[in-house]
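Peer 1: Under my numbering, think of the first position of the sequence shown as 127, with each following residue one higher.
Quick reminder that beta carbons are idealized off the backbone N, C-alpha and C, glycines included.
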Amino acid sequence: MPLYTADALILRTYKLGEADRIVVFLTRDRGKKRGVAKGARRPRSRFAAALEPMTEVRLAYFEKERRELVGLNYAETVRSPLSFAMRSEGPREGGPYRGSSPDALGYIGYFAELLDEWAQEADADDRLYRLGASMLDALSAGAPVEPLARYFEYWLLRLQGVYPEARGTLSGDAMAFLAASRSVTPLQVGDLPAPRSVLNELEQVHRALITMHLEKNLKSDRVLRDLRRHS
127 MPLYTADALI LRTYKLGEAD RIVVFLTRDR GKKRGVAKGA RRPRSRFAAA LEPMTEVRLA
187 YFEKERRELV GLNYAETVRS PLSFAMRSEG PREGGPYRGS SPDALGYIGY FAELLDEWAQ
247 EADADDRLYR LGASMLDALS AGAPVEPLAR YFEYWLLRLQ GVYPEARGTL SGDAMAFLAA
307 SRSVTPLQVG DLPAPRSVLN ELEQVHRALI TMHLEKNLKS DRVLRDLRRH S
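#1: Under the rule that 16 or more other beta-carbon atoms within 10 Å means buried, what is Arg253, buried or exposed?
#2: Going along the chain, which residues of its own chain have a beta-carbon closer than 7 Å to the beta-carbon of Asn343, five neighbours each way excluded?
#3: Can you tell me whether Gly258 is buried or exposed, with buried defined as 16 or more other CB within 10 angstroms of its CB?
#4: Please identify the residue among Lys159, Gly197, Pro169 and Trp244 whose C-alpha is closest to the C-alpha of Met127.
#5: Between which two residues does the beta strand (DSSP E) containing Glu202 stretch?
#6: Measure the alpha-carbon distance for Arg172 versus Asp317 and round it to whole angstroms.
#7: Please name the residue or residues paired with Tyr130 in a DSSP beta bridge.
#8: Between Pro217 and Gly232, what straight-line distance do the alpha-carbon atoms span, to the nearest angstrom?
#9: Determine the direct distance from the alpha carbon of Trp281 to that of Asp251, and round the result to whole angstroms.
#10: Over what stretch of residues does the alpha helix (DSSP H) that includes Ala259 continue unbroken?
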C-alpha cells in the first residue's frame, strides 16, 4: 500500500461514524481524491483546522488498489483562507471596486464547491488546480471577493469549454470586464472597472451557465443569496 505526499486544496468534508471524516481534496498531479481522516472530529485531532474548505495543505495518504477511499495519514496547513477572509475594505471612492461583502466566508465555500463539481476523480488537471490556488493568492492579498468570484466563474467555464463564444446579450461594460479578465491575474482583479451593475449582470449569466452545465443549483450559491438578503 504506497504512501503518497501531495500539495492539495481541501474541497469539502462530511462526517463518518462517531469520530472520523470523509475528506474530498484536489491534488495537482493526481486529480480529485476522497479519503478517510480517522479521528478528525476529536478535540485533539492531529488534523486540527487543516480540513476547512479551500485550505491549502501538504498531506500524505495511503492508497490501496481498487479502493475508492484513500487513508489520510496527516495534513499540514500551508495557507488557510480563514486567516484573511475578512481582511478587506469597502469600495474606494472614485476608483475601482475594492471591497469584500461581509459574506466573504460564503464565497470561500462557493469556490470550493465549484472546484469540487468540476474536478474529475483521479484525473489530474493542473490548470484547475492553479486556478484554485490563485484564488488563495488573491484572497490573501485582499482582492475584492465579488469581482474575484465573477473572474473565477468566467475562467472556470472557459477552461471547461462551456463559456459561449457568442456573448451578444452582454453589455459593453460586461464585455470589457471579461476582456480585461483574460489578461490579468486574480491579484489584479481589484484594479478592473467593475460597477455593481456589471457584477450583477455577470452573476446572472454565469449562474445560468453553471446551472445548465451541472444540471442542478449549488448549495453555496443559495447560502450566498441568503446572506446577502440578511446583510
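Peer 2: On the basis of the data shown:
#1: exposed
#2: Answer for Asn343: Thr337, listed in chain order.
#3: The residue is buried, with at least 16 neighbouring Cβ atoms inside 10 Å.
#4: Gly197
#5: Segment Val196 to Arg205, the beta strand (DSSP E) holding Glu202.
#6: 40 Å
#7: Tyr187, per the DSSP bridge assignment.
#8: Because the pLDDT at Pro217 is just 45, under 50, the model does not fix this residue reliably, and the value given afterwards should be weighed accordingly. Roughly 19 Å between the two C-alpha positions.
#9: Using only the alpha carbons, I get a separation of about 14 Å.
#10: Asp252 to Ser266
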